[in-house]
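A.B. asks:
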Amino acid sequence: MRLLPLAVLPLVTLVSATPTSAQTSPGATGTASAREARLLAIPSPDNMREAMRRLSARPHHVGSAFGRESAEWILARFREWGWDARIETFDVLFPTPKERLVEMIAPRRFRLALEEPVVAGDATSGQKAEQLPTYNAYSIDGDATGPLVYVNYGLPEDYEELERLGLSVKGAIVLARYGRSWRGIKPKVAAEHGAVGCLIYSDPRDDGYFGGDVFPKGPMRPKDGVQRGSVMDFPSSSPGDPLTPGVGATKEAKRLAVSEAPSLTRIPVLPISYGDAQPLLEALEGPLAPEGWRGALAVPYHVGPGSARVRLKVAFNWDVKPVHDVVARIPGAERPDEWIVRGNHHDAWVNGAEDPVSGLVPLLEEARALGLLLKEGWKPKRTIVYCAWDGEEPMLLGSTEWAEAHAEELRQKAVAYVNTDGNGRGYLGMQGSHTLEHFMNGVARNVEDPEARVSVWTRARARAIADAASAEKRQEIRGREDLRLSALGSGSDYTAFIDHLGVASLNLGFGGEDEGGIYHSIYDDFYWYEHFSDTDFVYGRALAQTVGLAVLRLADAELLPFEFRGLASTTQEYLKDLKGLLEGKQEEIAERNRQIEEGVFQATLDPRRPTVAPAKEDVPPHLNFAPLENAVAALQRGADRYAKARARLEGRAVPPDALGRVNALLVRSERLLLSPEGLPRRPWFKHLLYAPGVYAGYGAKTMPGAREAIELKRYSEADGEIARIARALEDVAALADRAAAELEAAAG
Ligand SMILES: [Zn+2]
């Protein structure tokens, strides 16, 4: 809190919180200011329940009537709470099914149902007229017939295993199960191996009866439940509207033809239930699937094909539809050109109580709370921008188009982006930019867990210790002041902010105590959420408190709470991982070559279950990690110097112009981690530390240019990528030094 108004005394102190013992929750360390305590007291579970009932009352996918109504309703709430709010609309390609057919042709003929039945007692499951059928968005149109092959999760290593079994999927339709990768990777890898069609099913081992009773008796996926979802190949190109890559999909934007869109699949794809998948699996012959491939259906899992043949036919309406982003602002009183941006999407595949409404209703309670503070006389120093995104499900359409349309302004003004996307009961998950790691740990220490009555930080740390895979890992957690943030991959609306614009980002949410199997089905609805998830909405309140507090502190801090020790420590870990990855590959390939030379594969061959020996491969070369080692060391020095300078100023006055310069440097720090040219073969993705994996999808690849050069055996690219990451880290180290020098001078 500032001691005196700027006009009176041109010096401000760095203490931002006045200790008030009354607000400290029992397990929380540190204290919250009176204003923060007021904010923490506002979010109401009852309001969240009623807002969820309203926002999940009908299906609200892109282009739907209720989606439009929901955007208007959210807009009216923001205005009622004193925000300056509007709807920004973009026009995006959004295909919906015209025809869906899956037919077994041999050994016997039948059609799959492709239908999720109404559940008695669950009122919204019967809204058939408004529900989108089960499908994968951005599959191309197609009519393919071929032998059926089971490919496990459909990852590159699964195809290597198939090769060892002597099987090819050329000309085949593959049956892959959901899980282990983002779904769009499955048709992409299948097409690369020559498959002509791809079916994706939910095995009960992964989110069905293996995990508990199925809906409506329990939370797990019922026999005919289907996971809808996008299969747009965004990791290799870009998310957002496929017709306007890199620019906002405004009315006047230049558009590609659908046939030119780079991110559509190359083969037709359709998701199916395990009820529909079972007779297909039963019809498969050929070798028995490796043990790790077998699911929980009562069938022997063969890989195929034998006589099994399938026809897959899909056709879509390739319509351009509007997405309605609700964007609301509270102008900053002192630094209006520094923006704290916060978002959660409002569109769903169907009713979407869990995804996304359980994350959206805390956002609305935060907005109401900030509105109340406004009415009570508070004015944030910085501008706060709250966004309810449309079109997240098809592939981050609303957030990407908004970020692209406002790219220049965001590059100049955006300080941080805070995302949520759903919420549940349990432990706080924190992903994000490591310059915000220490800050976020501080926030989590000041919010109380509604079940354990310790801070959400204490509980998350306890979970991390209990789950740690090794003594070394436990020791690391115990020895560190802060919990590490996980790296951001993709799969939610932070993607354009962090990966394309270099805005420091956070993604937050509670979970881990309840299982569920209703993801992207008609059963993700109010009935399910009220019976099986955060039924009393106390974790909704905890999320609103956590994010609300983060936003308030970012908006009101004199000196932005960025620092560099978390980043230095994390890049040190990433460097270690990278070296370990290379050494592991070298050893694995050398050993395999040796076994090939020794004749191990021939000598162990079982003639009744023949396998094909792998081919010899070149052992990966040694790479030059020295530039990265030097850069990480420089970053560590800069980080320590900045931390020391920052600590010396705690509670002391800093001239506002120096403060302004340091804040500007801190905002720029994440931008320096971008490369203007972007990652190899995917220039939209510009961040050199975090990216979604080309063959992982949502999973993060850290130091992606170098890592994927090793993983994908593009060794000639690796040294150049290592040097590029090193240069960016050297730049951040220099920035930390400059910021430290400013603070040192200010301290006198
Ligand atoms: Zn979502």
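Residue numbering for the sequence shown follows our numbering, beginning at 3 and increasing consecutively. Note that beta-carbon positions come from the ideal geometry of N, C-alpha and C, so glycine has one too. Quick caveat, the model's predicted, so the values are computed rather than measured.
With H, G and I counted as helix, E and B as strand and the rest as coil, what does DSSP make of Ser488?
C.D. replies: DSSP places Ser488 in strand when its eight states are reduced to three.
A.B. asks: Spell out a yes or no on whether the region 595 to 606 and the region 689 to 702 are touching, meaning 3 or more CB-CB pairs, one atom from each, closer than 8 Å.
C.D. replies: The region 595 to 606, when compared against the region 689 to 702, does not touch it at the 8 Å Cβ threshold.
A.B. asks: If you draw a straight line from the alpha carbon of Phe112 to that of Glu284, how long is it in whole angstroms?
C.D. replies: Phe112 and Glu284: Cα-Cα distance of roughly 13 Å.
A.B. asks: So, with DSSP's three-state summary, where would you put Val553?
C.D. replies: If DSSP states are grouped into helix, strand and coil, Val553 belongs with the helices.
A.B. asks: Straight-line CA distance for Pro281 to Tyr419?
C.D. replies: So the two alpha carbons sit approximately 47 Å from each other.
A.B. asks: Give the DSSP-derived three-state secondary structure of Thr26 in the structure shown.
C.D. replies: Residue confidence is low: Thr26 scores 33 on pLDDT, short of 50, so the model does not pin down where it sits. Its coordinate-derived value is still stated next. Coil.
A.B. asks: So what does DSSP say about His347, is it helix, strand or coil?
C.D. replies: In the structure shown, His347 sits in a strand (DSSP, three-state: E or B).
A.B. asks: By a C-beta neighbour count over all protein chains shown, 10 Å radius and 16 as the cutoff for buried, is His624 buried or exposed?
C.D. replies: So His624 counts as exposed.
A.B. asks: Is the number of C-beta pairs between the region 560 to 570 and the region 238 to 253 that are closer than 8 Å three or more?
C.D. replies: No, because fewer than three Cβ pairs between the region 560 to 570 and the region 238 to 253 fall closer than 8 Å, the two stretches do not touch.
A.B. asks: If you measure from each CB to the nearest heavy atom of ligand 1 and keep those under 6 Å, what residues do you get, in chain order?
C.D. replies: In chain order, the qualifying residues are His347, Asp357, Pro358, Glu394, Asp423, Gly424.
A.B. asks: Determine the DSSP secondary structure at Asp739, reduced to helix, strand or coil.
C.D. replies: Residue state, collapsed to three classes: helix.
A.B. asks: What does the alpha-carbon distance come out to for the pair Thr22 and Glu38?
C.D. replies: Since pLDDT at Thr22 reaches only 35, below the 50 mark, its modelled position is unreliable, and the value read off the structure follows with that caveat. In a straight line, the C-alpha of Thr22 is about 10 Å away from that of Glu38.
A.B. asks: Out of curiosity, what's the CA-to-CA distance linking Val2 and Val121?
C.D. replies: Lying before the first or after the last residue shown, residue 2 is absent from the chain, which here runs from 3 to 750.
A.B. asks: Please classify Asp620: is it buried, with 16 or more other beta-carbons within 10 angstroms of its beta-carbon, or exposed?
C.D. replies: By the 10 Å Cβ count, Asp620 comes out exposed.
A.B. asks: Inspect the beta-carbon positions of Asn632 and Ala728 and report whether they are closer than 9 Å.
C.D. replies: Going by C-beta atoms, Asn632 is nearer than 9 Å to Ala728.
A.B. asks: Within 10 angstroms of its Cβ, does Leu607 collect 16 or more other Cβ (buried), or is it exposed?
C.D. replies: Result: exposed.
A.B. asks: Given a threshold of 16 other Cβ atoms within 10 Å of its Cβ, counted over all protein chains shown, does Ile202 qualify as buried or as exposed?
C.D. replies: Counting Cβ neighbours within 10 Å, Ile202 comes out buried, since at least 16 surround it.
A.B. asks: Kindly give me the distance between the Cβ atoms of Ala462 and Tyr496, rounded to whole angstroms, as I take these residues to be in contact under 8 Å.
C.D. replies: That belief does not hold up - the Cβ atoms of Ala462 and Tyr496 are roughly 19 Å apart, past 8 Å.
A.B. asks: Tell me which residues share the same chain as Arg740 and place their Cβ nearer than 7 Å to its Cβ, disregarding the 5 neighbours each side in the sequence.
C.D. replies: So the qualifying residues of the chain are Leu667.
A.B. asks: Count the C-beta pairs between the region 406 to 420 and the region 515 to 523 that are closer than 8 Å, then say yes if the count reaches three, no if not.
C.D. replies: No: the two stretches stay apart, fewer than three of their Cβ pairs being nearer than 8 Å.
A.B. asks: Thinking C-beta only, is Asp93 closer than 9 Å to Lys323?
C.D. replies: Yes, they are a contact pair.
A.B. asks: Alpha carbon to alpha carbon, how far is Glu159 from Ala546?
C.D. replies: Between Glu159 and Ala546, the C-alpha separation is close to 41 Å.
A.B. asks: I'd like to confirm the pairing. Which residues does DSSP put opposite Glu101 in its beta bridges?
C.D. replies: Paired residues: Ala317.
A.B. asks: So, is Gln433 buried or exposed, given that buried needs 16 or more other C-beta atoms within 10 angstroms?
C.D. replies: By the neighbour-count rule (16 or more Cβ atoms within 10 Å), Gln433 is buried.
A.B. asks: Under a Cβ-count criterion, where at least 16 other Cβ atoms within 10 Å of its own Cβ denotes burial, should Gln638 be classed as buried or exposed?
C.D. replies: Answer is buried; the Cβ neighbour count reaches 16.
A.B. asks: With three or more C-beta pairs closer than 8 Å as the rule, is the region 528 to 542 touching the region 217 to 225?
C.D. replies: As far as the Cβ criterion goes, the region 217 to 225 touches the region 528 to 542, which means the pair count is three or higher.
A.B. asks: Could you check the C-alpha separation between Gly361 and Gly511 for me, to the nearest Å?
C.D. replies: Their backbone Cα atoms lie some 8 Å apart in a straight line.
A.B. asks: If you draw a straight line from the alpha carbon of Ala30 to that of Val456, how long is it in whole angstroms?
C.D. replies: Note that Ala30 scores a pLDDT of 37, beneath 50, so its modelled location is shaky; the value from the coordinates is reported in the next line. Between Ala30 and Val456, the C-alpha separation is close to 6 Å.
A.B. asks: Does DSSP put Gly586 in a helix, in a strand, or in coil?
C.D. replies: Helix, per DSSP.
A.B. asks: Residues in the same chain with beta-carbon distance under 6 Å from Thr422, minus the five sequence neighbours each way, listed in chain order, please.
C.D. replies: Excluding residues within five positions, the ones whose Cβ falls inside 6 Å are Asn346, Gly361, Leu510, Gly511.
A.B. asks: Which class does Lys703 belong to by DSSP, given the choice of helix, strand or coil?
C.D. replies: Residue state, collapsed to three classes: strand.
A.B. asks: So what's Glu378 in DSSP terms, helix, strand or just coil?
C.D. replies: Of the three classes helix, strand and coil, the one that applies to Glu378 here is coil, per DSSP.
A.B. asks: Taking the alpha carbon of Trp391 as the point to measure from, which residue in Val151, Glu117, His326, Gln133 has its own alpha carbon closest?
C.D. replies: If we check each option's Cα against that of Trp391, His326 comes out closest.
A.B. asks: Closest by CA to Pro109, which one among Gly308, Leu508, Leu556?
C.D. replies: Comparing Cα positions, the closest option is Gly308.
A.B. asks: Starting from the Cα of Phe1, find the closest Cα among Arg55, Pro47, Arg179, Glu287 and give me that residue.
C.D. replies: The question about residue 1 has no answer here: the residues shown for the chain are numbered 3 through 750.
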